[in-house]
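Below is one structure, written out as structure tokens; the observations come after it.
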Amino acid sequence: MTFPLTATTLEPAKQETDVASKDAETHYQAMAHALKQLGQSLGPGASDDPSTRIRNVQAAVRTMREVLMHHQALTEEEGGKIPEATSHKPALIPESERLVAQHADMLRRADELDREVELQLAFEEFDAELIYLEALVLRDLVRAHLWRANSLAYEAYFRVEGGEGG
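Under our numbering, the first residue of the sequence shown is numbered 17, with each subsequent residue one higher.
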């Protein structure tokens, strides 16, 4: 028994796709904004005052952490990008496990960096260079992670088994 496809039967699927697409676009924009904010807090226009500088880095790290938590939920939970990709191609499970581990690592680093800033502010002993270096590491880990995530999506949905194009 077959069911004819009509605009009415396709509408719920289209709405679901539109919502997922909109959420992914909003998520991408939030990630790009958080990366930009973190970069600006580290860049040449950053304050010369160590206290102000590390507070700005802390604000950017907190924003990044929120975005990373959303990213983790969006990609790891049932129906998320990682379970969906590995259901298409189980061979991607090792790479997907690496991405999941990176989520935990990036969140841990963001938490540690936030705590370090709090300690420095509490004792008014500023090591802005340490904060700067740790924030650079976090920023670069996020960038590399996004690159890997894009590669996983490409492998899952566009690459034909057995090689490119066949």
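Glycine included, C-beta positions come from ideal geometry on N, C-alpha and C.
- If you ignore the 5 residues before and after residue 116, its C-beta comes within less than 7 Å of the C-beta of 92, 98, all in its own chain and listed in chain order.
- Taken through DSSP and simplified to helix, strand or coil, residue 105 comes out as coil.
- If you compare the alpha carbons of 154, 120, 84, 134 with that of residue 44, the shortest gap goes to 84.
- Annotation: residue 140 to residue 128 spans about 18 Å, alpha carbon to alpha carbon.
- In the pairwise beta carbon analysis, the region 100 to 107 is classified as not touching the region 142 to 159: fewer than three pairs are separated by under 8 Å.
- Secondary structure note for residue 66: its alpha helix (DSSP H) is the uninterrupted segment 66 to 92.
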